[in-house]
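Engineer: Quick one: this structure, given as structure tokens, is what I'll be asking you about.
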RNA sequence: GGCUCGUUAGCUCAGUUGGUAGAGCAGCGGAUUGAAAAUCCGCGUGUCCUUGGUUCGAUUCCGAGACGAGCCA
């Protein structure tokens, strides 16, 4: 029986020390290459608010899938899966082990579980659906979905705008109900043997302190200037995924004069904590995790030991 | 020192014509298939500052005290 090539996943909430851990693995001499699993780090020129590794860090420890698209562009879990699998194949062919490190749990999930054959997003159709929703409201759009795909409509809340829109889009583009496509058994399996390491805080209050510290460093470090620069350089608006990133949305509102500095900071902190919470929810639902306490002082060493064992086997 | 206003959930405050109270934010839990750092759903017992009085019953009305803010000396 043929054994699958190794891969390493390093997952954890924001500010849990993922980047430091991944860099340590590389610098400790293990034969690895790093792939970022982060829906915000893909954007060029968004450095401060995303806590992107510094140019010096990236020079020492190159990460794939950082700075790959403009802030006006849209990325997706499906695109990530294609990109990551291509990179993983290259890395493995070079005799190395891919280390996937990041906090976008849907991307990890998609990479591992695969996706069904759903139609790609269509901006024109979405614009039409939006127009219609403005007229009749999302609960009415939910009713329309119920006529086309009652199973999907039943599991979606009438206010879950994104999922209702997507389900309608799938029905219209494919001519089939989304639920029918998802019911088909075919699922691609990840052709790798992943060692899944989760960095989880033993005490969430400590993580919240680190989040607060890091957010204040972003404000001091020029987050507002970065957002100003982005708005001058690109035709951006608040509906773009890039400007919905935590910190950017709040900085945008501050620059528009909609909120004062204190409210901007509070909302930014709250959004970051909510993000960490959702990331932890994902981790709780995942199987075969090796969980490490991200507050542990010897975190990087523990991770290195785990990986060394996995790679030699 | 005198006067005025305030004291209710972790925070900011509603409210109870007297029948022991509820919003926003925070916090916690959950969902999640091409936007996911997105989108959405669920969760509220707290000496209603303390103490006396009136009352069948006071967080609510009255008196006294404590603390805070403002104004006047």
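Numbering (the numbering used here), first residue to last: 19 to 331. Glycine included, C-beta positions come from ideal geometry on N, C-alpha and C.
Under a three-way DSSP split, which group does residue 310 fall into?
Structural biologist: Your numbering for residue 310 matches position 292 in the first chain. Strand.
Engineer: Please state the DSSP three-state secondary structure of residue 102.
Structural biologist: One-based indexing of the first chain puts residue 102 at position 84. Of the three classes helix, strand and coil, the one that applies to residue 102 here is helix, per DSSP.
Engineer: Among the candidates 71, 40, 194, whose CA atom is the shortest distance from the CA of residue 326?
Structural biologist: Position 308 of the first chain, counting from 1, holds the residue named residue 326. Closest by alpha carbon: 40.
Engineer: Return the residue from the list 242, 144, 218 that minimises the CA-CA distance to residue 268.
Structural biologist: As a working mapping, residue 268 is identified with position 250 in the first chain. If we check each option's Cα against that of residue 268, 242 comes out closest.
Engineer: Could you tell me which residues DSSP pairs with residue 118 in its beta bridges?
Structural biologist: Here residue 118 refers to the residue found at position 100 when the first chain is read from its first residue. Beta-bridge pairing links residue 118 to 27, 53.
Engineer: According to DSSP, is residue 256 part of a helix, a strand, or is it coil?
Structural biologist: As a working note, residue 256 is residue 238 in the first chain. Looking at residue 256 - three-state DSSP - the assignment turns out to be coil, as it is neither helix nor strand.
Engineer: Below 6 Å CB to CB, which residues in the same chain sit around residue 176 once its five sequence neighbours on both sides are set aside?
Structural biologist: By 1-based counting over the first chain, the position of residue 176 is 158. Excluding sequence neighbours, residue 176 sits near 157, 160.
Engineer: With H, G and I counted as helix, E and B as strand and the rest as coil, what does DSSP make of residue 214?
Structural biologist: Residue 214 sits at position 196 when you count from the first residue of the first chain. Of the three classes helix, strand and coil, the one that applies to residue 214 here is strand, per DSSP.
Engineer: From residue 34 to residue 220, what does the alpha carbon distance come to, in whole angstroms?
Structural biologist: Against the first chain, residue 34 aligns to sequence position 16. Against the first chain, residue 220 aligns to sequence position 202. Cα to Cα, residue 34 sits roughly 11 Å from residue 220.
Engineer: Among residues of its own chain, excluding the 5 on either side of residue 236, which ones have a beta-carbon nearer than 7 Å to its beta-carbon?
Structural biologist: Here residue 236 is taken as the residue at index 218 of the first chain, counted from 1. Excluding positions up to five away in sequence, the list reads 66, 67, 265.
Engineer: CA-CA distance, residue 60 and residue 317?
Structural biologist: Taking the first residue of the first chain as 1, we reach residue 60 at position 42. Taking the first residue of the first chain as 1, we reach residue 317 at position 299. Answer to the nearest angstrom: the Cα atoms are 26 Å apart.
Engineer: Give me the Cα-Cα distance between residue 73 and residue 82, rounded to the nearest whole angstrom.
Structural biologist: Your numbering for residue 73 matches position 55 in the first chain. Your numbering for residue 82 matches position 64 in the first chain. C-alpha separation (whole angstroms): 13 Å.
Engineer: Per DSSP, residue 61 is paired with what?
Structural biologist: Stepping through the first chain from its first residue, residue 61 is reached at position 43. Residue 61 pairs with 87.
Engineer: What are the boundary residues of the alpha helix (DSSP H) that residue 127 is part of?
Structural biologist: Position 109 of the first chain holds residue 127. Residue 127 -> alpha helix (DSSP H) spans 123 to 131.
Engineer: Report the three-state DSSP secondary structure of residue 134 (helix, strand or coil).
Structural biologist: Taking the first residue of the first chain as position 1, residue 134 is located at position 116. The answer is coil: DSSP assigns residue 134 none of H, G, I, E or B.
Engineer: Inspect the CB distances between the region 182 to 189 and the region 252 to 260 and report whether three or more fall short of 8 Å.
Structural biologist: Output reads no: the region 252 to 260 does not touch the region 182 to 189.
Engineer: Skipping 5 residues on each side, what residues in its chain have a beta carbon closer than 7 Å to that of residue 293?
Structural biologist: By 1-based counting over the first chain, the position of residue 293 is 275. Cβ within range, chain order: 32, 264.
Engineer: What is the C-beta distance between residue 115 and residue 216, in whole angstroms, given that I count them as a contact (C-beta under 8 Å)?
Structural biologist: In the first chain, the residue the question calls residue 115 occupies position 97. In the first chain, the residue the question calls residue 216 occupies position 198. Contact flag wrong, Cβ pair sits at about 18 Å.
Engineer: Answer yes or no: do residue 223 and residue 287 have a C-beta to C-beta separation smaller than 7 Å?
Structural biologist: Taking the first chain and counting its residues from 1, the one referred to as residue 223 is at position 205. Taking the first chain and counting its residues from 1, the one referred to as residue 287 is at position 269. Against a cut-off of 7 Å, the Cβ pair of residue 287 and residue 223 comes out as no contact.
Engineer: Taking the C-alpha atoms as reference points, what is the distance between residue 163 and residue 199?
Structural biologist: To locate residue 163, count along the first chain from 1; it is residue 145. To locate residue 199, count along the first chain from 1; it is residue 181. Distance between the alpha carbons of residue 163 and residue 199: 15 Å.
Engineer: Would residue 208 and residue 130 qualify as a contact pair, given that the criterion is a beta-carbon distance under 7 Å?
Structural biologist: Counted from its first residue, the first chain places residue 208 at position 190. Counted from its first residue, the first chain places residue 130 at position 112. Yes, the pair counts as a contact, with Cβ atoms nearer than the cut-off.
Engineer: Of all the options 70, 46, 168, 47, which has the alpha carbon lying nearest to the alpha carbon of residue 54?
Structural biologist: Your numbering for residue 54 matches position 36 in the first chain. It is 70 whose Cα lies nearest to the Cα of residue 54.
Engineer: Is residue 252 closer than 7 Å to residue 89 when the C-beta atoms are compared?
Structural biologist: Along the first chain, one-based indexing puts residue 89 at 71. Along the first chain, one-based indexing puts residue 252 at 234. Yes, the Cβ-Cβ distance between residue 89 and residue 252 is below 7 Å.
Engineer: Kindly list the residues whose CB is nearer than 6 Å to the CB of residue 349, restricted to its own chain and excluding five residues on each side of it in sequence; keep chain order.
Structural biologist: Given that the chain is displayed from residue 19 to residue 331, the structure contains no residue 349 and the question cannot be resolved.
Engineer: From the DSSP output, which residues share a beta bridge with residue 148?
Structural biologist: Taking the first chain and counting its residues from 1, one reaches residue 148 at position 130. According to DSSP, residue 148 bridges with nothing at all.
Engineer: Let's see if you can read the secondary structure: which residues bound the alpha helix (DSSP H) around residue 188?
Structural biologist: Mapped onto the first chain, residue 188 falls at position 170. That run of the alpha helix (DSSP H) goes 179 to 192.
Engineer: Please classify residue 37 as buried or exposed, where buried requires at least 16 other C-beta atoms within 10 Å of its C-beta.
Structural biologist: Position 19 of the first chain, counting from 1, holds the residue named residue 37. Its Cβ being crowded by 16 or more others within 10 Å, residue 37 is buried.
Engineer: What is the residue span of the alpha helix (DSSP H) that residue 272 lies within?
Structural biologist: As a position in the first chain, residue 272 is number 254, starting the count at 1. Where residue 272 is concerned, the enclosing alpha helix (DSSP H) stretches over 266 to 273.
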